[in-house]
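Participant:
Residue numbers (the UniProt record's numbering): 1 to 105.
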C-alpha cells in the first residue's frame with residue numbers, strides 16, 4: 001500500500017466552496033480500482049491550505065489509473081479551479097509506525 005500526499009492551497013475566501021466541491025468529488029475517487037481510503041484535513045495555522053492523504057494499493061492505481069480515467073475529468077472540473085498554485089503530489093511507502101499504545105503497528 002502507498003500513501004499519496006498533497007498540500008492543497010485553496011484560493012483564500014473559497015474554502016467553503018472547495019469543501020462542498022470536495023464532498024461531491026469524494027465518491028469519484030472512492031470508486032476507483034485500488035483506492036483504499038482518504039482523509040482531508042484543514043490547516044489550523046493556514047486555513048486556506050488542506051492536506052489530502054489517499055491510500056492506494058499501488059502507485060499505478062493513482063497514476064496512470066485514476067489520473068488516466070474518464071472519471072478524472074469530472075474530478076478536475078470540480079476541484080482544480082480552487083488551487084493557487086497547483087499542488088505537488090507525492091507518493092510514500094511506510095517504513096515505520098507506532099500504534100496508540102506505543103507499540104509497532
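All residues carry an ideal CB built from backbone N, CA and C; glycine is no exception.
Using 8 Å as the Cβ pair cut-off and three pairs as the minimum, do the stretch 6 to 18 and the stretch 46 to 53 touch?
Facilitator: With the cut-off at 8 Å, the stretch 6 to 18 and the stretch 46 to 53 touch.
Participant: Looking at C-alpha atoms only, which residue of 80, 94 and 95 is the closest neighbour of residue 88?
Facilitator: If we check each option's Cα against that of residue 88, 80 comes out closest.
Participant: Can you grab the Cα-Cα spacing for the pair residue 42 / residue 65, in whole Å?
Facilitator: Cα to Cα, the separation comes out at about 27 Å.
Participant: Counting only runs of 4+ residues fully inside the stretch 30 to 81, write out the alpha helix (DSSP H) ranges in chain order.
Facilitator: Here the runs fully enclosed are 70 to 79.
Participant: In this structure, does DSSP put residue 94 in helix, strand or coil?
Facilitator: Of the three classes helix, strand and coil, the one that applies to residue 94 here is coil, per DSSP.
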